[in-house]
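What follows is a set of notes on a single structure, which appears directly below.
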Ligand code: GLA
């Protein structure tokens, strides 16, 4: 068997080509230096057929592990590729043609992809073909050895003379010959995104994904397969992160022979993609990682990958401005003077940027009108946008603006002029979400029209930040353009249109910080992070619920990508009252900002805000670049949530804990601090702003801190938060 190995520092990924040209997947795991085809077994399996040219009843694709299984070649498990001829001929039979190695990491035109220096990555291309069906598939692999990451995508080309139709085109398939696994996936809803679910896989299949047009609040396109015994600190686990922000599907299945298959990629529902002769389709990219060292180590691989090889632009490497957003302070009810007042109060406390949220344009005084009319409402602002921006700049603050380019209100000039720009099915009342319709971003002229309007606004004033929102799920996916495109292409083309919009924005405004948003975290995925280095994590700003949301998000995404703000109490979403120190501790495990009317807080709280800002600046290097450790799963292990950041060399750490409940005469919780040097000694100093009761400790052993930790204070009061600066002596 011809072996094709891919090695990273600690992992090996191996494929094998059989003498008939079938591309098998042999192995993905800890680094090995031998051929892994010895794992394959051949038996005459009932009801598992044999390829037409193979005169051997023990050879069946239904039992062998495959690299990119296609429909119609005798594998009855879930395929990665389902293709048919426009004349109805089903399936294809892909055989190995050639492979080659290239320096550097491949890019995918129009789609987000991991990038790396020419010397930090290599690309493998494996070409498979079925000349009879007119199908050629180039499997691309990006190998980043130092990161222990391997990326994949497939480019499917019509090499025949007749149209073919793709019914499914996944990005990744991973077959496992043996072992029992758990699938960890991340589900949720608006206001409670990315809750980890750990499910023991057994015979049958578990499918997941989104049909909402976005990656969604409900299911994130990041999954982990883990040994049953894998914990945060030990055990085999594999991650797959899909760099895509639209409909997707994943499946984890255990077959008749107890073999496991994991697939992730474009969703087949609503996808039916014709390819004309010569035309090709590139699937979105999937980034895979493996570690034998548990879930924390796996998350840290994704944190490193996304920070330095997915996020782009100036703000990838520098601290983001601490911002104040007016949304929860005013909602739609503001004037230019009110915005400047909010900025003035914030500037006095050290906040660095004012973000003007929804309501500054068109006739947008509530959420029923105005979307699509990206013209400044000067009557509401009391003058041109530039005046407000200049007044904010004069306070020493930068200025940011909210947009929602993909949307249109029926009550808008844009909709009245171009009703065909919205997704609607002729003769049917469209489904409305937040009283708005979705613009057909699969059409370049629609993207152009909206982009030009928004660029004209940005060009009017000194705007340093854009919050790009998207506030409904997509329905009525029917393109009303002149060149009516095939229904099954539209949803994917829409996502390409959104990426095109973002690429134009960052090309024209290279120093602009863009924050992604979709009703909070409805499009929190690695694809979006290629354009927006931070994403508003959730519309739920309640500190206690945010702990769970940020904890779940941290499995696949770095802390510095999570938009997190201190908001007012009682919290607007839950009514809960938490101390301002606790709200800040939680928001500091994120990009950190404020979203409340600071003129309404007490003098004591204002002093606290000043200190919080100084604290965040002081520890930014650890928050952004340190290793992140989940210490207690909120609400599951104990009634204490805790996490810490540690410098890569273990020289310092920032440890935070929040009590989730309060008891009379309760037990003491011990919280560890990880990522330290076991035989070093550390001093622990409570960080200013911690709740009462935090003690300082001197000369504590790194091993003791990592294994047992320190006792949390037992003091009355709800939702206390404490942080310690941990410094090696
Ligand atoms: C969404 C966002 C909020 C806010 C509103 C404005 O819900 O997530 O932060 O911007 O829209 O309408």
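Numbering (my numbering), first residue to last: 3 to 731.
Cβ atoms here follow ideal geometry from the backbone N, Cα and C, with glycine treated the same way.
CA nearest to the CA of residue 516, picked from 52, 276, 563: 563
Reduced DSSP secondary structure (H/G/I, E/B, other) of residue 684: strand
Residue(s) in a DSSP beta bridge with residue 693: Answer is none; residue 693 lacks a bridge partner.
Rounded separation between residue 732 and residue 295 - CA only: Since the first residue of the chain shown is 3 and the last is 731, residue 732 is not available in this structure.
At least three beta-carbon pairs within less than 8 Å, the stretch 545 to 557 to the stretch 634 to 654: yes
With 16 other Cβ atoms within 10 Å as the buried cut-off, status of residue 94: buried
Collapsed DSSP secondary structure at residue 35 in the structure displayed: coil
Three-way DSSP call (helix, strand, coil) for residue 395 in this model: helix
Sequence-distant residues of the same chain with beta carbon closer than 7 Å to residue 77, five excluded per side: 63, 64, 68, 71
Ligand 1 heavy atom lying under 8 Å from the CB of residue 329: yes
Segments of 3+ residues assigned as beta strand (DSSP E) that fall wholly inside the stretch 140 to 181: 151 to 160, 166 to 178
Neighbour-count burial assignment, residue 253, 16 or more Cβ in a 10 Å radius: buried
Inter-stretch contact (C-beta, 8 Å, three-pair minimum) for the stretch 389 to 398 and the stretch 455 to 466: yes
Where the alpha helix (DSSP H) through residue 619 begins and ends: 605 to 627
Alpha-carbon spacing of residue 14 relative to residue 44, whole angstroms: 24 Å
Any 3 or more C-beta pairs closer than 8 Å across the stretch 163 to 183 and the stretch 221 to 236: yes
Between the CA atoms of residue 688 and residue 635 - distance to the nearest angstrom: 22 Å
Residues near residue 316 in its chain [Cβ-Cβ closer than 6 Å; skip 5 each side]: 513
Reduced DSSP secondary structure (H/G/I, E/B, other) of residue 92: strand
Outcome for residue 136 when other beta-carbon atoms lying within 10 angstroms are tallied against a minimum of 16: buried
Where residue 601 falls: helix, strand or coil (DSSP): helix
DSSP state of residue 646 mapped onto helix, strand, coil: strand
Residue from 149, 707, 394, 335 with nearest C-alpha to residue 347: 394
Between the CA atoms of residue 625 and residue 561 - distance to the nearest angstrom: 7 Å
Contacting residues, own chain, Cβ-Cβ under 8 Å from residue 453 (five flanking each side not counted): 407, 503, 506, 507
Cβ separation of residue 134 and residue 213, assumed to be a contact under 8 Å, to the nearest whole Å: Residue 134 to residue 213, Cβ: 34 Å. No contact.
Rounded straight-line distance, which links the Cα of residue 304 to that of residue 283: 27 Å
For residue 584, the first and last residue of its enclosing alpha helix (DSSP H): 582 to 589
Boundaries of the beta strand (DSSP E) in which residue 415 is found, first to last residue: No beta strand (DSSP E) contains residue 415, which is instead part of the alpha helix (DSSP H) from 415 to 419.
Reduced DSSP category for residue 301 - H, G, I as helix; E, B as strand; rest coil: helix
Exposure of residue 324, with buried meaning 16 or more beta-carbon neighbours within 10 Å: buried
Own chain partners of residue 115 with C-beta closer than 6 Å, once the 5 adjacent residues on each side are dropped: 109, 287
Buried or exposed by the 16-neighbour rule on C-beta atoms within 10 Å, applied to residue 684: buried
Where the alpha helix (DSSP H) containing residue 342 begins and where it ends: 338 to 351
Length-filtered (4 minimum) alpha helix (DSSP H) runs lying within the stretch 445 to 499: 446 to 460
Entirely enclosed beta strand (DSSP E) segments - the stretch 236 to 302, minimum 3 residues: 239 to 245, 250 to 256, 262 to 268, 275 to 277, 282 to 284, 287 to 293
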